[in-house]
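Each residue of the sequence shown is one higher than the one before, starting from 2 at the first, in the working numbering. Heads up: the structure comes next, in structure tokens.
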Amino acid sequence: MTLLAGYTSGLNTLRRAVAKATLAKFRQMGLVSQTQHWATRAEICERCPLRTVRRKISYCGVPLMEQLVRDPVSDGCGCPVHAKAKDPAEHCPLTLRHQPADHHADPCDCKWCSGRGS
Numbered sequence: 002m003t004l005l006a007g008y009t010s011g012l013n014t015l016r017r018a019v020a021k022a023t024l025a026k027f028r029q030m031g032l033v034s035q036t037q038h039w040a041t042r043a044e045i046c047e048r049c050p051l052r053t054v055r056r057k058i059s060y061c062g063v064p065l066m067e068q069l070v071r072d073p074v075s076d077g078c079g080c081p082v083h084a085k086a087k088d089p090a091e092h093c094p095l096t097l098r099h100q101p102a103d104h105h106a107d108p109c110d111c112k113w114c115s116g117r118g119s
């Protein structure tokens, strides 16, 4: 039963990744809006200790396809930093003190929403 649960979790992760990648392509084509302050968000990510670089692309943690099972707080989400920063629905998984962010708080306490990248 736990094997099936892990399989389902991996499929859900891949499904979300495909949806995010599709929206990022639409954003590049100008068909979907992007966050006005995305450059500030990306700059915050570029200084983050979770950031990794693969093939000259910055990622929030290790790229998703290299690590499907992850904890966003300790591993990052695996998304390309610039695509993530442009998405109005995205949030940083960390607070300014590198603690788990509470995205359900009003306002959200992530690095981006705490006044510097919102």
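All C-beta atoms in this analysis are idealised placements derived from N, C-alpha and C, irrespective of residue type, glycine included.
Going by C-alpha to C-alpha distance, which of the options sits closest to residue i?
i: A40; options: P94, V82, P101; result: V82
i: S34; options: P50, P89, V19; result: P89
i: L12; options: K57, L65, H105; result: L65
Quick test of your reading: residue i and residue j, contact by CB under 8 Å. State the CB separation rounded to the nearest angstrom.
i: K21; j: C61; result: With a Cβ gap of about 11 Å, K21 and C61 do not count as contacting.
Note down the Cα distance separating residue i from residue j, rounded to an integer number of angstroms.
i: R55; j: K85; result: 16 Å
i: R16; j: P50; result: 27 Å
i: R28; j: T36; result: 10 Å
i: M30; j: V70; result: 31 Å
i: Q68; j: D107; result: 31 Å
i: H38; j: T14; result: 27 Å
i: I45; j: S115; result: 12 Å
Might you give, ordered along the chain, the residues of its own chain that have their beta carbon closer than 8 Å to the beta carbon of residue i, omitting 5 neighbours on each side?
i: E47; result: S59, V82
i: P101; result: V74, P94, L95
i: H99; result: P50
What residues in its chain sit with their C-beta under 6 Å from that of residue i, if we drop five residues either side in the sequence?
i: V63; result: T53
Can you list, in chain order, the residues of its chain whose CB lies under 7 Å from that of residue i, leaving out five sequence neighbours each side?
i: L24; result: V33, D88
i: A43; result: V82, H83, A86
i: P73; result: P94
I'd like to know if the segment 90-100 and the segment 109-116 are in contact, where contact means that at least 3 CB-CB pairs between them fall below 8 Å. yes
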